[in-house]
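Visitor: In terms of our numbering, the numbers along the sequence shown are unbroken and rise by one, the last being 1703. A virtual CB, placed ideally from N, CA and C, is assigned to each residue, including glycine. Treat the numbers as computed from the prediction; the structure is a model and nothing was measured.
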Amino acid sequence: MNKINWNFNNTYFNLPNIFRENIKPTPVKKPELVLFNKDLSSDLNLDFSKVSNKELSELFSGNSLPEGSNSIAQAYAGHQFGHFTMLGDGRAVLIGEHLSKDSKRYDIQFKGSGKTTFSRNGDGRAALGPMLREYIISEAMNGLRIQTTRSLAVVKTGEDVVRETSLPGAILTRVASSHIRVGTFQYIAARERKNELDILLNYVIDRHYPDIKNSKNKAIDLLINVMEKQINLVVNWMRVGFIHGVMNTDNMSISGETIDYGPCAFMDTYDPKTVFSSIDQMGRYAYCNQPVITKWNLSRFAECLIPFIDNDQDKAIELATKIINSFEKKYEEKWLNMMRNKLGLFGVDEKDKFLILDLLTWMHQKKADYTNTFCHLMNENINEDKDYEDKDFQSWKIRWNERLKNNNNIPEKYLKLMKTVNPLIIPRNHKVEEALEQAEKNNLKPITQLVEILKDPYTQRGNILDYQIPSNSDEKYQTFCGT
Ligand code: AMP
Ligand code: MG
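#1: According to DSSP, simplified to helix, strand and coil, what is S1546?
#2: Whether or not the stretch 1358–1375 and the stretch 1390–1404 are in contact is what I'm after, with contact meaning three or more pairs of Cβ atoms, one per stretch, closer than 8 Å; do they touch?
#3: Run the proximity test for N1471: is its beta-carbon closer than 7 Å to any non-hydrogen atom belonging to the ligand MG?
#4: The ligand MG heavy atoms versus the CB of D1480: any closer than 7 Å?
#5: What are the partner residues of L1443, as DSSP defines its beta bridges?
#6: Suppose the cutoff is 6 Å on Cβ atoms and the five residues either side in sequence are ignored; what does the same chain contact list for K1244 look like?
#7: Quick one: measure Cβ to Cβ for L1307 and I1419, integer angstroms, because I've assumed they're closer than 8 Å.
#8: Taking three-plus beta-carbon pairs below 8 Å as touching, is the stretch 1512–1521 in contact with the stretch 1541–1556?
#9: Return helix, strand or coil for N1242, following the three-state DSSP convention.
#10: Checking 8 Å against the spacing of the C-beta atoms, do G1298 and T1469 come in under that value?
#11: With distances taken between CB atoms, is the gap from F1268 to S1277 smaller than 8 Å?
#12: Does the distance from the C-beta atom of N1626 to that of G1567 stay below 8 Å?
#13: Would you call the stretch 1429–1440 in contact with the stretch 1397–1416, where contact means no fewer than 3 C-beta pairs closer than 8 Å?
#14: Examine the ligand AMP and report whether any of its heavy atoms sits within less than 7 Å of the Cβ of S1339.
#15: Can you determine whether any heavy atom of the ligand AMP sits closer than 7 Å to the C-beta of G1465, and answer yes or no?
#16: Compute the Euclidean distance between the alpha carbons of I1463 and N1592, then round it to the nearest angstrom.
#17: Kindly identify the DSSP beta-bridge partner or partners of Q1680.
#18: Look at the alpha carbon of V1424 and the alpha carbon of A1396, and state the distance between them as a whole number of angstroms.
#19: Hey, out of I1474, E1553 and V1248, whose CA is closest to F1405's CA?
#20: Hey, would you say the C-beta of D1343 is under 7 Å away from at least one heavy atom of the ligand AMP?
#21: Going residue by residue through the stretch 1607–1641, where are the continuous alpha helix (DSSP H) segments of at least 4 residues, counting only ones entirely within it?
#22: Check whether the Cβ of G1310 lies closer than 7 Å to any heavy atom of the ligand ZN, and answer yes or no.
#23: Under the rule that 16 or more other beta-carbon atoms within 10 Å means buried, what is T1368, buried or exposed?
#24: Would you kindly work out how many angstroms separate the C-alpha atoms of K1651 and P1666, rounded to a whole number?
#25: The ligand AMP and C1484: does any heavy atom of the ligand fall closer than 7 Å to the residue's C-beta?
#26: Taking the alpha-carbon positions, what's the F1700 to A1347 distance?
#27: Within the same chain, show all residues whose beta-carbon is closer than 6 Å to that of L1266, passing over the 5 residues directly before and after it, in chain order.
#28: Consider the C-beta atom of L1307 and the heavy atoms of the ligand AMP; say whether any pair is separated by less than 7 Å.
#29: In angstroms, rounded to a whole number, what distance separates the CA positions of N1257 and K1331?
#30: Note the first and the last residue of the continuous alpha helix (DSSP H) segment covering F1330.
#31: Within the continuous beta strand (DSSP E) that includes A1297, where are the two ends?
#32: For the ligand AMP, is there a heavy atom less than 7 Å away from the beta-carbon of C1701?
#33: How is E1384 classed by DSSP in three states: helix, strand or coil?
#34: Among the residues of its own chain, which have a CB less than 6 Å from the CB of G1349, if the five just before and after it don't count?
#35: Under 6 Å Cβ to Cβ from P1492, same chain only, skipping five residues before and after it: list those, please.
#36: Between E1354 and Y1505, is the Cβ-Cβ spacing less than 8 Å?
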């Protein structure tokens, strides 16, 4: 299969044994390709055009590994809902790091590929629904221009997995700039061997933050850089109403990509307390808590770095704390600017925060749709404009129009800005469910169409209205951890 152009260069495989287990995917009975991401394969400089569907199924199930791959399961730990646990790839293997044209490095990982030494009580497998769901949402995030792992393929295994019922099994091929997590640092730090932590620290800097390679205090600079990436990420989630659902430290990527699409979903009606995950009873990972949790996770990351920040532990803690405590100010600044963009506001006015919060409060009180309210403000109306005749909204709009006039802001200019940050389409929960339901019945048309539409969520075209309308069901949408 060398016609595909794989270009493996597996550096994680060369790290000491404690970082990983060398393990092959467990072969599956009857692999059958369900989805394949042609655009992504070209971005990766891979060419599958001469490969039959049967060969693709064998490849993306892990039944036949490409030449140059060294498959491993990665070790990591993590705080799950606040509790520290030893984890690791319990149902995934990294088959290698592929270098694309510009020498950009991508992890190629199979999720659902069988048991590993880290499987604990799990079966190492994944069900079709959750793998297709990860495919849809991760590709939607990419369309929304939000940093994310990508999905290259989904293959049915021809084997059932036992959950509450028996479900069709599947494997997702996930592509990421790496799978190194806050939890990877926690795992190594917990071993209390400074040389191992040093290896990880330098590996991560080489791979993701080469600009700080020669800096005086690499650990501090790494913390600052990762914090910056994570703030940008969570601000983007807030921008589009994305709720990750399970922001455990093992699900926070050091590269700043959104990772692990389990119980995630997009908010429709604006409510800061929105939670979709059935297991998140306390709302730890609710929409409005995401920034606070990001800071909490970064604090866990900072703790791992202490031995490298300063030889004097007290001084190291003081330095790290100072950085962690700058989170709120940095977040608020970026969040305000993001919201200004959503409203088409140029420049800074001291009253901007009130203008923004008053709109959000109105949306909350009136149970307005988050995405569609911004569409309305861009004159992209979606059928339900009676909501916006409300007098409070109208008086808010007068203030907004006044503020828009600052900095010679003309409609052409502010609409252009707004259209780059306010999506017309998000993966509506009922649309995702409908697509998954049909796919399980072997009808791939709805999922293919949904994925296609979500590639370009910012551009108006004729056929998107059906994807913009919120669900008319009052039933609370619930998601489940992706197993
Ligand atoms: P997640 O909730 O997907 O982030 O997974 C948390 C941990 O549980 C990770 O270490 C996974 O590898 C592991 N895990 C999840 N599902 C399974 C499964 N079916 N078999 C083995 N390990 C699993
Ligand atoms: Mg995870």
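Guide: For this structure:
#1: Locating residue 1546 in the sequence shown gives position 326, where the first residue counts as 1. Residue state, collapsed to three classes: coil.
#2: The stretch 1390–1404 is in contact with the stretch 1358–1375.
#3: By one-based count along the sequence shown, residue 1471 stands at place 251. Yes - the ligand MG has a heavy atom lying nearer than 7 Å to the Cβ of N1471.
#4: Here residue 1480 refers to the residue found at position 260 when the sequence shown is read from its first residue. Correct: D1480 has its Cβ closer than 7 Å to the ligand MG.
#5: Walking along the sequence shown from the start, residue 1443 turns up at place 223. According to DSSP, which records beta bridges pairwise, L1443 is partnered with nothing at all.
#6: Sequence index remark: in the sequence shown, residue 1244 carries index 24 (1-based). Taken in chain order, the residues that qualify are S1291.
#7: The sequence position of residue 1307 within the sequence shown is 87, counting from 1. The sequence position of residue 1419 within the sequence shown is 199, counting from 1. The pair is not a contact, with the Cβ atoms about 20 Å apart (cut-off 8 Å).
#8: In short, these stretches touch, since the Cβ pair count reaches three.
#9: Position 22 of the sequence shown holds residue 1242. Strand.
#10: The sequence position of residue 1298 within the sequence shown is 78, counting from 1. The sequence position of residue 1469 within the sequence shown is 249, counting from 1. Contact: yes.
#11: Along the sequence shown, one-based indexing puts residue 1268 at 48. Along the sequence shown, one-based indexing puts residue 1277 at 57. With contacts defined as CB atoms closer than 8 Å, F1268 and S1277 fail to qualify as a contacting pair.
#12: Position 406 of the sequence shown, counting from 1, holds the residue named residue 1626. Position 347 of the sequence shown, counting from 1, holds the residue named residue 1567. Yes, they are a contact pair.
#13: The way I'd put it, the stretch 1429–1440 doesn't touch the stretch 1397–1416; fewer than three beta-carbon pairs between them come closer than 8 Å.
#14: Residue 1339 sits at position 119 when you count from the first residue of the sequence shown. It does: the Cβ of S1339 is within 7 Å (strictly closer) of some heavy atom of the ligand AMP.
#15: Residue numbering aside, residue 1465 sits at position 245 when the sequence shown is read from its first letter. No, the ligand AMP has no heavy atom inside 7 Å of this Cβ.
#16: Within the sequence shown, residue 1463 is the residue found at index 243, counting from 1. Within the sequence shown, residue 1592 is the residue found at index 372, counting from 1. If you take the alpha carbons of I1463 and N1592, they lie about 17 Å apart.
#17: Here residue 1680 corresponds to residue number 460 of the sequence shown, with the count starting at 1. In the DSSP output, where bridge partners are listed per residue, Q1680 has none listed.
#18: Sequence index remark: in the sequence shown, residue 1424 carries index 204 (1-based). Sequence index remark: in the sequence shown, residue 1396 carries index 176 (1-based). If you take the alpha carbons of V1424 and A1396, they lie about 14 Å apart.
#19: Stepping through the sequence shown from its first residue, residue 1405 is reached at position 185. Cα-wise, what sits closest to F1405 is I1474.
#20: Translated into the one-based positions of the sequence shown, residue 1343 becomes position 123. Flag set: Cβ of D1343 near the ligand AMP.
#21: Segments of the alpha helix (DSSP H) lying fully in the stretch 1607–1641: 1611–1624 and 1631–1641.
#22: This structure lacks the ligand ZN; the ligands present are the ligand AMP and the ligand MG.
#23: The count along the sequence shown starts at 1 and reaches residue 1368 at position 148. By the 16-neighbour rule on beta-carbons within 10 angstroms, T1368 is buried.
#24: In the sequence shown, residue 1651 corresponds to position 431, counting from 1. In the sequence shown, residue 1666 corresponds to position 446, counting from 1. In this structure, the straight-line span from the alpha carbon of K1651 to that of P1666 is close to 9 Å.
#25: As a position in the sequence shown, residue 1484 is number 264, starting the count at 1. For the ligand AMP, not one heavy atom lies less than 7 Å from the Cβ of C1484.
#26: The residue labelled residue 1700 in the question sits at position 480 within the sequence shown. The residue labelled residue 1347 in the question sits at position 127 within the sequence shown. Annotation: F1700 to A1347 spans about 12 Å, alpha carbon to alpha carbon.
#27: Locating residue 1266 in the sequence shown gives position 46, counting from the first residue. Excluding sequence neighbours, L1266 sits near I1224 and N1225.
#28: Within the sequence shown, residue 1307 is the residue found at index 87, counting from 1. Within the cutoff, so yes.
#29: Here residue 1257 corresponds to residue number 37 of the sequence shown, with the count starting at 1. Here residue 1331 corresponds to residue number 111 of the sequence shown, with the count starting at 1. When the Cα atoms are used, N1257 and K1331 turn out to be separated by approximately 16 Å.
#30: For the purposes of this step, residue 1330 is taken as the residue at position 110 of the sequence shown. Per DSSP, F1330 belongs to no alpha helix (DSSP H); it is in the beta strand (DSSP E), R1325 to K1331.
#31: One-based indexing of the sequence shown puts residue 1297 at position 77. Counting along the chain, the unbroken beta strand (DSSP E) around A1297 starts and ends at A1297 to Q1300.
#32: Numbered from 1 along the sequence shown, position 481 holds the residue referred to as residue 1701. For C1701, the Cβ falls inside the 7 Å cut-off from some heavy atom of the ligand AMP.
#33: For the purposes of this step, residue 1384 is taken as the residue at position 164 of the sequence shown. If DSSP states are grouped into helix, strand and coil, E1384 belongs with coil.
#34: For the purposes of this step, residue 1349 is identified with residue 129 of the sequence shown, where counting begins at 1. These residues qualify, in order along the chain: L1656.
#35: Numbered from its first residue, the sequence shown carries residue 1492 at position 272. Y1507 and C1508.
#36: Position 134 of the sequence shown, counted from the start, is the residue given in the question as residue 1354. Position 285 of the sequence shown, counted from the start, is the residue given in the question as residue 1505. Not a contact, by the Cβ cut-off of 8 Å.
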